[in-house]
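Peer 1:
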Amino acid sequence: MLVALGCVVLLWGGTAVYLSRQTAAAIAAALDHTERFSAAFAESVARRVDLIDSALLLLRDAHLLGRDDVDLALFTRGLTTGGPLFQFAYIGADGILIATNLRRTDLRLDLSDRAHFRVHADNPGQDELFVSLPLIGRASGKASIQFSRRVVGPEGGFRGVVVASISPAFLTSLHGEMGDGKGLLVLLGADGGLRARSPAAGQDAAVAAMTAAVEATPAGDFTRGDGQDLALLGSWRQVSRRPLAVAVALTGEEVLGGLQSGRRQVIGAAGAVSLALLLAGAALTVRRHRLARSRRDLAASREALADAVEGVSQGILMTDGDGRVQVANRRAAELLGLPEAAVRDRPTLRALSQMQFAAGEFGPAFPTLEAFEAFSRTEWQDLGRDHAYERKRPDGTVLEVRTHALPSGGAVRTYTDVTERHLVEEQARHFALHDPLTGLPNRALMGERLALAVTRGVCAVLFLDLDRFKLVNDLHGHEAGDRLLVEVAIRLRAVLRAGDTLARLGGDEFAILLPQGGLPMAATVARRAIELLQDPFELDGRRFSIGVSIGIALHPRHGTTPAALLCAADTAMYAAKRSGRNTFMVYDEHMERDAAEQRGLERDLLEALANRQFHLVYQPVCDTGSGEVMSFEALIRWHHPVRGAVPPSHFIPVAEQAGMILPIGAWVLETACVEAASWPRPVRVAVNMSPPQFLQLDLCDQVRRALDRAGLPPGRLDIEVTEGLMLGDEEVVLNNMVGLRAMGVRISLDDFGTGHSSLSYLRRFPFDRIKIDRSFVQNLGGDVEARAIVHSVLSLGRSLKLDIVAEGVETDLQLRELRILRCRLVQGYLLGRPMPLAAAQSLLQATSEPAGAARSVGSPTAA
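Heads up: the sequence shown begins at 105 in our numbering, then just goes up one per residue.
1. Residue 239 bridges to which residues according to DSSP?
2. If we count the other Cβ atoms within 10 Å of its Cβ and call it buried at 16 or more, is residue 511 buried or exposed?
3. Who are residue 792's beta bridge partners in DSSP?
4. Tell me the rounded alpha-carbon separation between residue 698 and residue 565.
5. Looking at the secondary structure, which residues open and close the alpha helix (DSSP H) in which residue 770 lies?
6. Quick one, are the C-beta atoms of residue 490 and residue 507 less than 8 Å apart?
7. So, at 7 Å on beta carbons, what are the nonlocal neighbours of residue 579 in its own chain, with the 5 sequence-adjacent residues on each side left out?
8. Do residue 442 and residue 419 come within 8 Å of each other at the CB atom, strictly closer than that value?
9. Give me whichever residues DSSP pairs with residue 502 in a beta bridge.
10. Whole angstroms are fine: how far does the CA of residue 546 sit from the CA of residue 590?
11. Return the Cβ separation of residue 351 and residue 338 in integer angstroms, given the expectation that the two are a contact with Cβ distance under 8 Å.
12. Quick one: is residue 601 buried, meaning 16 or more other Cβ sit within 10 Å of its Cβ, or exposed?
13. Could you name the residues of the same chain whose beta carbon sits closer than 6 Å to that of residue 504, not counting the 5 residues immediately before and after it, in chain order?
14. Give me whichever residues DSSP pairs with residue 851 in a beta bridge.
15. Measuring only the C-alpha atoms, how far is residue 920 from residue 719?
16. In whole angstroms, give me the CA-to-CA distance for residue 702 and residue 762.
17. My understanding is that residue 643 touches residue 587, with C-beta atoms under 8 Å, so please give their C-beta distance in whole angstroms.
18. CB residue 690 to CB residue 606, shorter than 8 Å?
19. If you compare alpha carbons, which of 243, 652, 866 and 678 is closest to residue 904?
20. State yes or no: is the C-beta of residue 557 within less than 8 Å of the C-beta of residue 563?
21. When burial is assigned at 16 or more other CB atoms within 10 Å of the CB, is residue 608 buried or exposed?
22. Classify residue 782 as buried or exposed, calling it buried when 16 or more other Cβ atoms lie within 10 Å of its own Cβ.
23. Given that a residue counts as buried once 16 or more other Cβ atoms are within 10 Å of its Cβ, and exposed if not, what is residue 630?
24. For residue 194, which beta-bridge partners are listed by DSSP?
25. Taking only runs that begin and end inside the segment 412-467, name each unbroken alpha helix (DSSP H) of 4 or more residues, in chain order.
26. Is it buried or exposed for residue 665, if we count other Cβ within 10 angstroms and need 16 for buried?
27. Cβ of residue 536 within 8 Å of Cβ of residue 134?
28. Can you have a look at residue 498 and say buried or exposed, based on whether 16 or more other CB atoms are within 10 angstroms of its CB?
29. Can you check which of these residues, 597, 736, 849 and 646, is closest to residue 821 by C-alpha distance?
30. Between residue 568 and residue 652, what straight-line distance do the alpha-carbon atoms span, to the nearest angstrom?
31. Pop quiz: residue 356 and residue 335 are said to be a contact at Cβ under 8 Å. What is the actual Cβ separation, rounded to whole angstroms?
32. What did DSSP end up calling residue 726 once you bin it into helix, strand or coil?
33. Give the DSSP bridge partners of residue 939, in chain order.
34. Count the C-beta pairs between the segment 159-171 and the segment 258-272 that are closer than 8 Å, then say yes if the count reaches three, no if not.
35. Note down, in chain order, each residue of its chain lying with its Cβ closer than 7 Å to the Cβ of residue 120, except the 5 sequence neighbours on either side.
36. For residue 463, which residues from the same chain have a beta carbon less than 6 Å from its beta carbon, with the 5 sequence-adjacent residues on both sides left out?
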């Protein structure tokens with residue numbers, strides 16, 4: 105009987121150890137899962153908050169420019185459609201709601217008591233993003249979390265707050281997108297207040313436990329309970345650069361629920377064996393004559409144990425001290441890639457390993473039996489100690505192999521299929537290191553690979569920024585922009601070699617890493633990328649023409665750290681943009697000075713727009729026969745209080761790159777219309793429009809409003825465009841041209857003849873006038889080819905019934921040649937330099953007097 109009791113003790117001791125290890129393994133795996141999930145969740149929240157903050161900063165910049173009439177519904181259309189972000193608003197310095205994309209500003213709501221207003225109004229020295237506790241919006245009537253930024257005026261005074269409202273339910277959608285819906289997700293503020301949670305209700309005690317853990321330290325793990333009494337475990341971490349923290353938790357049931365069935369089976373089997381042993385011992389002691397019956401009971405117990413072992417999801421092998429298999433289930437044979445009979449016949453471990461080797465279980469890593477024998481000492485012979493490891497089978501299955509040494513010299517080994525867990529971990533890492541839109545490596549993964557590359561020697565970094573991409577987003581929405589980014593990524597992959605890295609850094613910025621690549625290779629890749637992106641993109645029947653500006657930095661010449669190399673490549677990219685775009689440049693130290701000058705000029709442009717430092721001058725277009733002024737071209741000028749007169753050729757490209765060309769162009773249009781309405785004669789005024797301005801979907805409405813406010817008839821307005829406009833969306837160009845001409849506004853093609861497709865543009869687009877580029881006019885009188893070109897253009901214009909204007913007339917000889925060629929309209933310094941409004945008014949007044957009282961503009965004295 106003592107022997108039987110000893111066996112029961114050993115059996116239950118082994119069972120307890122086995123179950124305890126299973127529980128510990130499940131808890132460790134769950135903690136690892138919550139750590140990875142919280143990292144991915146924090147990165148996802150950071151990306152969304154960055155997007156919201158970027159929109160708030162852009163909206164704030166618009167107000168800094170004095171554009172208080174920004175249409176928030178149009179501004180936020182792509183951000184608030186179909187998602188949790190549903191409202192943008194602007195609150196004045198007095199706390200009164202001024203504007204919202206929900207168009208309910210007539211309510212005059214007082215929001216001065218709201219925390220997202222008070223924190224900015226009461227703290228003038230701070231300019232940080234604020235994230236409120238959940239509340240019910242007074243304008244929207246919805247539960248929301250408020251993201252807000254302080255707005256200050258040019259003098260630094262408080263002007264109000266820009267606010268974005270997001271539904272707390274966004275956490276539930278993230279929960280569904282990034283996981284399987286299990287567990288509990290919590291978003292907390294720096295003040296410890298609960299911002300959002302998923303699921304939205306229940307588990308209040310768990311939420312309180314998570315909040316207390318997050319308030320204690322910036323990152324870590326926590327558990328409530330131990331072993332089978334586990335109630336809750338999870339991980340938390342701060343959201344990068346934001347006053348937020350995230351926490352992910354699993355309940356004890358979610359962590360250990362999957363083990364309960366196997367636990368019951370093992371305990372049942374151990375109980376059955378214990379009962380059999382006790383019964384056998386009692387039978388031997390009390391009734392010797394019932395020995396045969398006791399043996400049958402023992403056999404039945406062994407069958408019950410075998411059934412229990414077969415019922416678990418893990419593979420189980422138990423060996424004796426000589427290394428011979430005593431117990432094995434079907435799952436073990438399946439996971440080892442062997443027939444069931446192979447483990448049922450009680451083979452030695454060495455025999456099993458040789459059968460596995462013959463079946464190719466360990467793949468090409470062990471081409472010879474000797475190599476495999478060295479490995480098999482770990483796989484099959486290292487049974488004298490408790491240990492665990494993982495290995496991958498040829499079919500891709502990942503096995504967790506755990507060995508528990510028995511006091512008798514044998515061992516119990518379990519095989520668990522952990523493939524699904526590995527897939528979840530790999531997906532979490534992929535989400536953390538890849539761009540979800542294009543599938544390319546993100547900035548974090550690029551940083552890792554660049555850090556590795558700089559330790560191995562020379563390498564090159566290319567920083568790419570798409571040209572005219574913002575125009576696609578503004579005109580066609582973010583969905584079209586996203587699709588275009590995907591197509592760009594596909595084309596750029598074609599320039600890579602094996603081992604190169606293409607990453608999307610954010611927005612329309614990409615980077616290419618060329619390990620062991622020098623300047624020749626980097627220049628080749630840059631040229632190829634420019635060539636690939638020059639071809640138009642076709643999306644849903646629309647053609648999009650963009651380009652790319654590229655900066656190149658080399659290690660170690662331009663930097664020895666990843667941050668320094670990316671910064672140098674970024675600086676070179678901006679230099680490429682300044683040099684004309686759609687090109688590449690290699691980093692040079694003087695670029696830093698140029699970049700600083702560029703940033704200073706951008707700041708001065710903002711001030712110039714706000715302080716009305718711009719003014720217009722007017723250059724006359726005259727009749728070659730009478731010298732009469734037929735129209736004026738409006739030209740913008742900027743006199744800076746410190747820089748002095750800044751030429752348009754210097755500041756207009758900067759305005760285009762900084763996104764300020766639209767407000768500047770709108771000011772030129774409105775001012776030209778107002779000033780032309782005051783002229784003593786009703787001559788036309790011509791206004792130049794950049795491609796971004798002309799490609800606005802509401803251009804016709806803008807022009808109509810400017811004409812109505814000025815009281816200028818549409819027939820007195822000419823709009824001049826260049827051939828660069830035709831690289832945009834042809835449908836938008838045609839619609840705007842047709843709409844403007846229907847109003848009575850005329851359209852002129854400026855700098856005609858300098859492009860590659862001028863004639864095709866005349867065929868496809870409805871122009872009223874073409875202006876011969878000054879490069880052809882300057883050579884008149886001495887260049888036969890120039891005369892032939894001008895003659896051809898004049899003949900073409902007459903056949904198409906178009907007005908022709910010759911630009912750049914500076915000499916009497918050029919004017920005589922144009923008169924001989926019967927060019928009726930001319931413009932240039934010989935006829936009149938650009939002049940202020942008062943001079944233009946005086947000139948028109950003089951030429952409107954009776955004949956003989958005024959001199960001819962085209963006379964030698966007028967030059």
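Note that beta-carbon positions come from the ideal geometry of N, C-alpha and C, so glycine has one too.
Peer 2: In brief:
1. 248
2. Exposed, since its Cβ has fewer than 16 Cβ neighbours within 10 Å.
3. 824
4. 21 Å
5. 765-780
6. yes
7. 799, 801, 833 and 836
8. no
9. 496
10. 14 Å
11. 6 Å
12. exposed
13. 494, 520 and 522
14. 823
15. 34 Å
16. 10 Å
17. 6 Å
18. For residue 690 and residue 606, no; Cβs fall outside 8 Å.
19. Residue 904 has its Cα closest to that of 866, out of 243, 652, 866 and 678.
20. yes
21. buried
22. exposed
23. Taking all protein chains in view, the Cβ of residue 630 is crowded by 16 or more other Cβ atoms within 10 Å, so the residue is classified as buried.
24. 203 and 266
25. 434-440, 444-448 and 453-462
26. exposed
27. no
28. exposed
29. 849
30. 6 Å
31. 5 Å
32. strand
33. BP columns for residue 939 point to 722.
34. Counting Cβ pairs under 8 Å, three or more are found: they touch.
35. none
36. Residues of the same chain with a CB within less than 6 Å of the CB of residue 463, apart from the 5 flanking positions on each side, are 441 in chain order.
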